[in-house]
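Peer 1: Residues -21 to -1, 1 to 391 (mature numbering (1 follows the signal peptide of the UniProt record, and there is no 0)) are what the sequence shown spells out, left to right.
Virtual Cβ for every residue (Gly too), placed ideally from N, Cα, C.
Predicted, not measured: the structure shown is a model, and the values here were computed from it.
Below is a structure I'd like to ask you about.
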Amino acid sequence: MRLALTLASISLILIAGLARAQVFTAIEMIDSPDRGLAEQPSLVALPDGRVFLSWTELSGLVEASVLTAVFDGTTWSEPVSVAQGDDLFVNFADFPSAVALRDGTIAVHWLRMLGASPYAYGVNIAMSQDGGATWGETIVPHRDDSPREHGFVSLLPDGPDGALVMWLDARSYDPAQADASDNAMQLRATTLTAEGARAEDLMLDARTCTCCQTSAAVTQDGTVLLAYRDRTLDEIRDISVVRRVDGIWSEPNSVSNDGWEIAGCPVNGPAIDAQGDFAALVWFTEADGIPAVKLAYSQDRGENFGRGHRIDLGDPSGRVDLAMLPDGTALVSWVERTDAGEALMVCRATQTGSCGTPEAVTVSGSGPSIGFPRMTPVGGDVYFAWTAPFRDASVGSGGGTFIGFARATLLP
């Protein structure tokens, strides 16, 4: 057993000083299945109640692997390698993810280099029909294979056995001509069949922020909501949403309206989720020089969103996630800067925007960043994963990272 328990004990002491419990009755730290030098976790709840974890492991100076494992509530399956090589693109903000399709298939995405430029990479996807034990052939969802950036992917189930893939695409972007109005990062989408056949990829927005995560959700009637950080010619980088209704994509709708003017990408995307006709959206902004995490609700399947309510504790880094619960409340997570290190904070928000007192799941201490924590609810529990620091002679004097993993039981 690594230093996970020691770190967990330290974190719990720090957590006690940050906030009294308002969200969970208990938080249990669980050893993850990684082998060390691991980072960039992502979580998906499977239809049978198990939890699917993907992450990246480094070996040597350039070799990397994308691995997956399944947690049944008690034990982990053996890790399975989905992709490996010295040409995988590994980045703390643009990381692999997975989705469970409606027929039980699991789809995983990762990124692979397309050229010598440090940001020339493309999206790869593989599917598993046996719960992640084996994986099919690699699929590239985008038609463009130029040595430019393709990433920041969102995945959703589509139809009885297909996948909807959405990403940021730099096929027409040249940083040397960044001021040109027609030279910008694009938001694109396509669909994949269970056999891997891809449709044409569609441009949904011709000018977006260059390196912020996208997030997508589906309402009860099948409306798709895709949230992302937009970009105007005046360098306003607020949050927009596009909707797919009956197969037709809408024009972008700017919903945050913070007026955040920033010349570079803040590397801080939104998160969106839906329950019935309701949707919730959370995002980070630093408009007027004030860092804030804000939450807004929609009651009409994402067509309109109400005013954003600030929910952070005063010094947030953002890096948000969100999950709507069956009762219509929303779990919101973000990273807050504290004297004890980066804290993974969570609150349970009502549709009025009230978030109560947030609770800390873990605190990083003096180690590396906890990255972009992910969460997924399963019944009355919520599972969390993040990049956690530890020091161990087996990974060198500089220490390394492993996957932090926790199960929290919701208050009734």
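Under 6 Å Cβ to Cβ from Val69, same chain only, skipping five residues before and after it: list those, please.
Peer 2: The residues are Thr35 and Ala43.
Peer 1: Anyone know if the C-beta pair for Val325 and Val2 falls short of 8 Å?
Peer 2: A contact, by the Cβ cut-off of 8 Å.
Peer 1: Give every residue of the same chain whose Cβ lies closer than 7 Å to the Cβ of Pro75, excluding the five residues on either side of it in the sequence, and list them in chain order.
Peer 2: Taken in chain order, the residues that qualify are Gln19, Ser21, Ser33, Thr35, Val45, Val87, His88 and Trp89.
Peer 1: Let me know the secondary structure DSSP gives Pro26 once reduced to three states.
Peer 2: In this structure, Pro26 counts as coil in the three-state DSSP scheme.
Peer 1: Would Arg81 be called buried (16 or more neighbouring beta carbons within 10 Å of its own) or exposed?
Peer 2: When all chains shown are included, Arg81 counts as exposed.
Peer 1: Does the distance from the CB of Ile218 to the CB of Leu171 come in under 8 Å?
Peer 2: No.
Peer 1: Spatial neighbours of Val203 within its chain, please: C-beta separation below 7 Å, excluding the five flanking residues on both sides.
Peer 2: These residues qualify, in order along the chain: Leu135, Leu143, Ala195, Val197, Arg222 and Arg223.
Peer 1: Could you check where the beta strand (DSSP E) with Gln254 kicks off and where it finishes?
Peer 2: Note, Gln254: beta strand (DSSP E), Ala250 to Gln254.
Peer 1: As a quick exercise: from Thr329, Asp140 and Ile104, pick the residue whose alpha carbon is nearest that of Leu260.
Peer 2: Nearest option by C-alpha distance: Thr329.
Peer 1: Kindly indicate the opening and closing residues of the beta strand (DSSP E) around Ile218.
Peer 2: Ile218 to Val224 is the span of the beta strand (DSSP E), which, as asked, contains Ile218.
Peer 1: Alpha carbon to alpha carbon, what distance is there between Ser348 and Ala387?
Peer 2: Each residue's Cα considered, the two are about 21 Å apart.
Peer 1: Around the Cβ of Ala185, are there at least 16 other Cβ atoms within 10 angstroms (buried) or fewer (exposed)?
Peer 2: The residue is exposed, with fewer than 16 neighbouring Cβ atoms inside 10 Å.
Peer 1: How is Arg370 classed by DSSP in three states: helix, strand or coil?
Peer 2: Any reading at Arg370 must be qualified, since the residue scores a pLDDT of 46, below 50, and its modelled position is unreliable; the value itself is stated next. Of the three classes helix, strand and coil, the one that applies to Arg370 here is coil, per DSSP.
Peer 1: Spatial neighbours of Gly111 within its chain, please: C-beta separation below 7 Å, excluding the five flanking residues on both sides.
Peer 2: Excluding sequence neighbours, Gly111 sits near Phe31, Thr47, Val49, Val59 and Ile85.
Peer 1: Residue ranges of each beta strand (DSSP E) run of no fewer than 3 residues wholly in the stretch 76 to 118, ordered along the chain?
Peer 2: Segments of the beta strand (DSSP E) lying fully in the stretch 76 to 118: 76 to 79, 85 to 92 and 100 to 107.
Peer 1: How big is the Cα-Cα spacing for Asp180 and Ala149?
Peer 2: Taking the straight line from one Cα to the other gives about 13 Å.
Peer 1: Who are the near neighbours of Gly141 in its chain, counting only those whose CB is closer than 8 Å to its CB and skipping five residues on each side?
Peer 2: Once the five neighbours on either side are set aside, the close Cβ partners of Gly141 are Leu80, Thr170, Leu171, Thr172 and Ala173.
Peer 1: Give the DSSP-derived three-state secondary structure of Gly15 in the structure shown.
Peer 2: It is coil, neither helix nor strand.
Peer 1: Can you tell me whether DSSP reads Asp300 as helix, strand or coil?
Peer 2: In this structure, Asp300 counts as strand in the three-state DSSP scheme.
Peer 1: Between the C-alpha atoms of Val361 and Arg286, what's the straight-line distance to the nearest angstrom?
Peer 2: Cα to Cα, Val361 sits roughly 27 Å from Arg286.
Peer 1: Is the beta carbon of Ala309 sitting closer than 8 Å to the one on Asp237?
Peer 2: Result no, Cβ atoms of Ala309 and Asp237 do not sit closer than 8 Å.
Peer 1: Leaving out five residues before and five after Pro231 in sequence, what residues of the same chain have Cβ atoms less than 7 Å from its Cβ?
Peer 2: For Pro231, where only same-chain residues beyond five positions count, the Cβ hits under 7 Å are Asp184, Asp209, Ser219 and Val221.
Peer 1: How should Gly379 be labelled, buried or exposed, when 16 other C-beta atoms within 10 angstroms of its C-beta is the threshold for buried?
Peer 2: Buried.
Peer 1: Quick one: what's Pro212 bridged to in DSSP?
Peer 2: The question names Pro, but residue 212 is Leu in the sequence shown. According to DSSP, Leu212 bridges with nothing at all.
Peer 1: Could you name the residues of the same chain whose beta carbon sits closer than 8 Å to that of residue 439, not counting the 5 residues immediately before and after it, in chain order?
Peer 2: Here the chain covers residues -21 to 391 and nothing more, so residue 439 does not appear.
Peer 1: In this structure, does DSSP put Ala149 in helix, strand or coil?
Peer 2: Residue state, collapsed to three classes: coil.
Peer 1: Please return the same chain residues whose Cβ sits closer than 7 Å to the Cβ of Asp137, not counting the five positions on each side in sequence.
Peer 2: Within the same chain, Asp137 has close Cβ partners Leu143 and Thr170.
Peer 1: If you draw a straight line from the alpha carbon of Gly175 to that of Pro391, how long is it in whole angstroms?
Peer 2: About 42 Å.
Peer 1: I need the straight-line Cα distance from Gly94 to Ser125, nearest angstrom please.
Peer 2: So the alpha carbons of these two residues sit roughly 8 Å apart.
Peer 1: Decide if Pro139 is buried, meaning its Cβ has at least 16 other Cβ atoms within 10 Å, or exposed.
Peer 2: Its Cβ having fewer than 16 others within 10 Å, Pro139 is exposed.
Peer 1: Find the nearest neighbour of residue 402 within the set Tyr98, Arg91 and Pro26, judged by alpha-carbon distance.
Peer 2: Residue coverage of the chain in this structure runs from -21 to 391, which leaves residue 402 outside it and unanswerable.
Peer 1: Measure from the alpha carbon of Arg327 to the alpha carbon of each residue in Ser343, Pro245, Ser345 and Asp306, then state which is nearest.
Peer 2: The residue with the shortest Cα to Cα distance from Arg327 is Asp306.
Peer 1: Quick check on this structure: which residue in Leu67, Ser38 and Thr211 has the alpha carbon closest to the alpha carbon of Glu240?
Peer 2: That would be Thr211, whose Cα lies nearest to the Cα of Glu240.
Peer 1: Can you tell me whether Gly268 is helix, strand or coil according to DSSP?
Peer 2: In this structure, Gly268 counts as helix in the three-state DSSP scheme.
Peer 1: What are the residues that DSSP puts in a beta bridge with Cys326?
Peer 2: Per DSSP, Val311.
Peer 1: For the beta strand (DSSP E) containing Glu240, name the first residue and the last one.
Peer 2: Run containing Glu240: none; DSSP gives neither H nor E here.
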